[in-house]
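Worksheet: the structure to be examined is printed underneath.
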Amino acid sequence: MSIAAFEPGAEPAADVESSNYLTARNTIASWLLTRDHKRIALLFMASITFFFFVGGFAATLMRMNLATPGGLLQPSVYNRMFTMHGIIMVWFFLIPSIPATLGNFFIPLMIGARDLAFPRVNLASWYVFNLSGLVVLFALVMGGADTGWTFYTPLSTEYANGYVFAAAMAVFINGFSSIMTALNFIVTIHRLRAPGMTWMRLPLFVWGVYAVSVVMLTATPVLAMDTFLLAVERFLGVGLFDPSRGGDPLLWQHMFWFYSHPAVYIMILPGMGVVSEIIPCFARRPVFGYAGMVVALMAIAVLSFFVWAHHMFVAGISIYAGVVFSLMTFFVAVPSAIKVFNWTVSLHKGAILFDAPMLYALGFVLLFTLGGITGLMLATLAVDVHVHGTYFVVAHFHYIMVGATVSAFFGGLHYWWPKITGRLYPEIWARFAAILMYFGFNLTFFPQFVLGYLGMPRRSYTYPPEWQSWNLLSSAGASILAVAYLMPLLYLGWSLIWGRRAGPNPWRATGLEWTIPSPPPSGNFEHTPHVALGPYSYDPERGRYISQDGTSHAV
Amino acid sequence: MYHWIPFWPRTAAVNGVVVNNLYIAELGIGGLIMATVLGMMLSFCIRYRAGSTASRTGLIEKTWHFEIGWTTATLLGFLALFFWGASIYIWLFQAPRGDLEIYVVAKQWMWKVEHPGGQREIDALHVPVGKTVRLVLASEDVIHSFFVPAFRIKHDVVPGALETIWFRASKTGVYRLECTQYCGLQHATMQGEVVVMTPADYANWLAGEGVHRSLAEQGMAIFQAHGCSGCHDPGSTVHAPSLSGLYGTLVHLDDGSVRRADEAYIRDCIFNPRSFTVAGYPPIMPDFSGQLSEGDVLKLIAYIQSLGYRGETSR
């Protein structure tokens, strides 16, 4: 130690710098072979950001094509664009988005652990993810698949001539990354909680990631089976889904949705967790009904497995199956409604600040509510018969998966940015981007509800001229949305170098992650923290708050 | 550029009004929920913004009364919507025996329609107003979906199965017919029109399409050409079930199950006879898959229907 102090150029300030996880060792190998959950989170961040813009580029082409009825793209190009948009956005952005980045970074910090339970598995998960990413890029560059992201048989097995096998294998490999990450989170949350961090003292973000990990771990193997059988069928033609050989095309839909409906909740549950962190912090009051929120999260996770055939009300399932799955779908809406109610009441008697994370969170609640209400309409059998397969469905699931989840992702990114980087982002620009994103999103997708009820089928490269006004509005909204998505890339990048230093707790938040320096040191906690109380001990009346380790802060 | 901006589809079938009412009710309930959430959010955000002087005493962290009350109210509301939607669905998806049965065969990327009198059309469907029309849907390749927005009806057309739907048009006019299940390259153009005519115009249209052998007659020709009559004719010496009066009856199979002899059952028997051996008969029927097209099967069904309809009695 004393020898180092005599070395020339080793200033004390540099020593302080080198103590955090970003600067501890800064070789390329130290990043690519890292076992630090925080660095792996950033590696995932880089990967999913890349895929977000690849998928977004496909969406841009689609909306440009749909601005006029005559279109711009060849039909075969348009079909490949929406297929690749779906595959990339679902498996290469939305599913890993919050868990693999914010979850990876903050689960250990929030429960007072030094790392995830299996750091090497965590790194392996990133490599498997990138391997699957390379396969999907191969499929895309070679011309893409043309089946829709749902790979419906027998179109995908016998009639499609794009790179369906490569796309399906990308999804297959990608699943193992999900499984590894989910397993890691479950073991970590069960085994590595700091002393005093009981289950009912866990921050709701940890609960959200826990719920999603359970769903991922149990549902993703089914997806692996599905895509494997699809490959077998496509190459060997054993007739699993081919009626002329005694197979059943609907078998594919049952198996696919048995994974893919829970996958919708995989995309939304972590977002609910993020918003449940942001709202109490910026309303400066405890979340309303913590226990109810936990029960609702877990209820959604469990019920999500019993609703899959609501994608098949008009597909030829029996009427009785239709009725049962409709009923189950209404049941899963109840815990979602509880959460909306609790978030809203969590504003009551607070001392509300409207920083960018809060704007994203409030946007999340409104967009999720509208997505949920239209979900109820789709769950209603007779209405679903009319709007199934139309733009109504497209609008509905974009409200949930893009409106809500991506808002939550950006909200979480802004909320934790000072902790991740040690820098503050420019608040004015961030608020502007948040508001722009909200309006751009609504302008893009609200017209699609109208188009859907009018009867415009999804996955169509052309449409009758009388529907152009709504399509034009939607395309205009998409261009605003594109700007709103690009802005954070610029100002967050700017803040990395020129942003003001954040300090350990710029939001005066109560979680354990805010009790350590920003950026955190490589080992997270110098001493294992002892947790004294639940999250969200904010007092709006006196402006005080108590961190989870029990230290009280006056303002 | 545009004289009007459409926001509501036309309604031209009896069930259209019923579905519209439900949809309007849901829009109302949805608007109410949205207004409640937005209203609470805005009022709290204004009243309890940081620095406002509103009192913060008596802050509520949880009240089970409130939470249970809210949850119960939501659940009851949802159940009401469920029952409303399900009852319409059950009515809509059980096709009655129509005034008119028309066969629709979907293939990449067109709708082929065959009327009982043998008239054929492509990407168009002419029907009389006020009559219950029963459609039998078949696919020759991938999954398509038959959708008439103005009638609020839709059903996937799945290869390997026959689906039946029905409608009763209430207004004459020309309405869009669409495919809403992505079915490959030209999915977007797999569209046609449904022409609803007065019964007199419909009769004229049928007559104007020229003289055809009826579907049942065409089916009889196939029945004889493929040797079906060798076993299934009443005079045959081979031990095979008689087909006269079969349609619509309940059939006992030798695996103990019972099936209604509808379109889907007849199709299954022709293409997959081993799985549908009738109780008391030897499993000797050959498999005709690959020899008959979906269109041929629909003609055979029309022929078997022409042999009589016995209603509910069991054989």
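Going line by line, the protein sequences match chains A and B.
Just so we're aligned, residue 1 is where the first sequence starts under the working numbering, counting upward by one.
Just so we're aligned, residue 1001 is where the second sequence starts under the working numbering, counting upward by one.
Glycine residues also receive a C-beta, built at the ideal position from the N, C-alpha and C atoms.
Since we're looking at a predicted model, the values are computed, not measured.
DSSP-derived helix/strand/coil call for residue i
i                 : result
proline 558/A     : Residue 558/A lies beyond the range of chain A shown here (1 to 555); nothing can be said about it.
histidine 1144/B  : strand
asparagine 442/A  : helix
glycine 1160/B    : coil
tyrosine 152/A    : coil
serine 1289/B     : strand
aspartate 539/A   : strand
leucine 424/A     : coil
cysteine 1183/B   : coil
arginine 1168/B   : strand
lysine 1062/B     : coil
threonine 344/A   : helix
valine 1129/B     : coil
leucine 236/A     : helix
alanine 13/A      : Bear in mind that the predicted position of alanine 13/A carries a pLDDT of just 44, short of 50, making it too unreliable to give a figure here.
tryptophan 1111/B : strand
aspartate 1296/B  : helix
leucine 43/A      : helix
valine 1195/B     : strand
arginine 1010/B   : coil
glycine 1039/B    : helix
asparagine 1015/B : helix
serine 1330/B     : Summary: the structure shown does not reach residue 1330/B, with chain B confined to residues 1001 through 1315, and so no result is reported for it.
Beta-carbon gap between residue i and residue j smaller than 9 Å
i                : j                    : result
valine 274/A     : phenylalanine 331/A  : no
serine 518/A     : alanine 502/A        : yes
alanine 167/A    : phenylalanine 151/A  : yes
glycine 452/A    : tyrosine 391/A       : yes
serine 535/A     : proline 270/A        : Sequence inspection shows proline at residue 535/A; the serine mentioned does not correspond to that position. No, Cβ-Cβ distance for proline 535/A and proline 270/A is not below 9 Å.
isoleucine 278/A : glycine 412/A        : yes
isoleucine 88/A  : alanine 58/A         : yes
valine 383/A     : glutamate 1026/B     : yes
arginine 1260/B  : phenylalanine 1276/B : no
alanine 1216/B   : serine 1306/B        : yes
arginine 1176/B  : proline 464/A        : yes
arginine 63/A    : serine 475/A         : yes
leucine 1125/B   : alanine 1264/B       : no
Option nearest residue i by Cα separation, candidates the options
i                    : options                                    : result
proline 1128/B       : Pro1273/B, Glu1101/B, Glu1217/B, Phe1044/B : Glu1101/B
methionine 456/A     : Pro521/A, Phe409/A, Phe410/A, Gly389/A     : Gly389/A
alanine 296/A        : Tyr265/A, Val387/A, Phe410/A               : Tyr265/A
aspartate 226/A      : Asp36/A, Phe185/A, Phe165/A, Val212/A      : Phe165/A
phenylalanine 585/A  : Ala211/A, Tyr415/A, Glu233/A, Glu158/A     : Shown here, chain A extends from 1 to 555; a query on residue 585/A therefore has no answer.
alanine 113/A        : Tyr536/A, Tyr538/A, Pro520/A               : Pro520/A
alanine 1086/B       : Pro99/A, Tyr163/A, His310/A, Tyr453/A      : His310/A
glycine 1210/B       : Arg1120/B, Val1148/B, Gly1173/B            : Arg1120/B
valine 54/A          : Ala160/A, Phe82/A, Met377/A                : Phe82/A
serine 346/A         : Leu1027/B, Met1040/B, Leu1307/B, Val1017/B : Met1040/B
alanine 556/A        : Leu378/A, Phe410/A, Val393/A, Val334/A     : Residue 556/A is absent from the structure shown; chain A starts at 1 and stops at 555.
phenylalanine 560/A  : Arg500/A, Leu102/A, Phe50/A                : It is not possible to answer for residue 560/A, since the shown part of chain A is limited to 1 through 555.
phenylalanine 1007/B : Asn471/A, Trp507/A, Val555/A               : Asn471/A
valine 1105/B        : Met1220/B, Thr1164/B, Thr1237/B            : Thr1164/B
valine 334/A         : Gly1077/B, Lys1062/B, Asp1254/B, Ile1024/B : Gly1077/B
methionine 1110/B    : Arg1049/B, Pro1286/B, Ile1122/B, Gly1227/B : Ile1122/B
proline 357/A        : Met312/A, Leu424/A, Leu381/A, Leu376/A     : Leu424/A
aspartate 539/A      : Asn524/A, Ala351/A, Arg201/A, Phe446/A     : Ala351/A
methionine 267/A     : Ser97/A, Asn342/A, Phe235/A, Leu240/A      : Ser97/A
glycine 1051/B       : Leu376/A, Phe432/A, Met377/A, Phe354/A     : Phe354/A
valine 489/A         : Thr528/A, Trp417/A, Pro506/A, Gly543/A     : The sequence given here has leucine at residue 489/A, not valine. Checked all of Thr528/A, Trp417/A, Pro506/A, Gly543/A; the closest Cα to leucine 489/A is Trp417/A.
Beta-carbon separation (whole angstroms), residue i vs residue j, contact threshold 8 Å
i                   : j                 : result
threonine 510/A     : tyrosine 545/A    : 5 Å
proline 108/A       : threonine 181/A   : The Cβ separation is near 13 Å, so there is no contact.
valine 1019/B       : isoleucine 1090/B : Not confirmed; about 14 Å, so no contact.
arginine 1142/B     : proline 243/A     : For clarity, residue 1142/B is valine in the given sequence; the question names arginine instead. About 11 Å; that fails the 8 Å criterion.
phenylalanine 445/A : glycine 403/A     : 7 Å
arginine 1134/B     : glycine 1098/B    : 3 Å
Any C-beta of chain D under 9 Å from that of residue i
i                 : result
isoleucine 1090/B : Given the protein chain composition of this structure (A and B), no chain D is represented.
Does the contact criterion of 3 or more C-beta pairs under 8 Å hold for the region 127-134 of chain A versus the region 533-552 of chain A?
no
Using a Cβ distance threshold of 8 Å, determine whether the region 251-270 of chain A contacts the region 211-224 of chain A, with at least three qualifying pairs required.
yes
Counting Cβ pairs closer than 8 Å, one from the region 1023-1035 of chain B and one from the region 475-494 of chain A, do we hit at least three?
no
Count Cβ pairs between the region 1171-1191 of chain B and the region 74-81 of chain A that sit closer than 8 Å; are there 3 or more?
yes
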